[in-house]
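Only one structure is covered here, and it is reproduced in the block below.
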Amino acid sequence: MNFLYHPGKTNVVADALSRLSKGSVAHIEDGKNELIRDIHKLARLGVRLVDSTQGNVMVHNGSESSFVSNVKTRQDLNLTLVELKEVVLKKSVEAFA
1 MNFLYHPGKT
11 NVVADALSRL
21 SKGSVAHIED
31 GKNELIRDIH
41 KLARLGVRLV
51 DSTQGNVMVH
61 NGSESSFVSN
71 VKTRQDLNLT
81 LVELKEVVLK
91 KSVEAFA
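Under UniProt numbering, think of the first position of the sequence shown as 1, with each following residue one higher.
Right under this line is the structure:
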């Protein structure tokens, strides 16, 4: 991604992003700066890394929000949704009221 500099308020977002990146790696140990830069590059590409409750890291494609991903992973935990899904798959419902 390239930013062209124009004097004035045009580059407010670009300036904020560049400061955020520099400031967010200022406290990182020297040996881990490259890893952090790679993670920032992935984030700019839309890839999201999310900590799971089991201590693992899940990778989410930026084209699918974490909300959609959470709904997909949890929909089988809701018994009502599971029953509705089975009914729909069996095509035993003609219309919803």
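Ideal placement from N, C-alpha and C gives every residue a C-beta, glycine not left out.
{"query": "Closer than 6 Å by C-beta to Ile28: which residues in its own chain qualify, once you throw out the five before and the five after it? Chain order, please.", "result": "Ile36"}
{"query": "Less than 7 Å between C-beta atoms, sequence neighbours within five positions excluded: which residues of the same chain meet that for Asp76?", "result": "Val82"}
{"query": "Using DSSP with H/G/I as helix, E/B as strand and the rest coil, what is Val82?", "result": "helix"}
{"query": "Could you name each continuous alpha helix (DSSP H) segment of 4 residues or more that falls completely within the stretch 28–52, going from the start of the chain to the end?", "result": "33–44"}
{"query": "Please work out which residues of its chain come closer than 7 Å, Cβ to Cβ, to Lys91, disregarding the five sequence neighbours upstream and downstream, and give them in chain order.", "result": "none"}
{"query": "Check this for me: beta carbons of Leu45 and Val57, under 8 Å apart or not?", "result": "no"}
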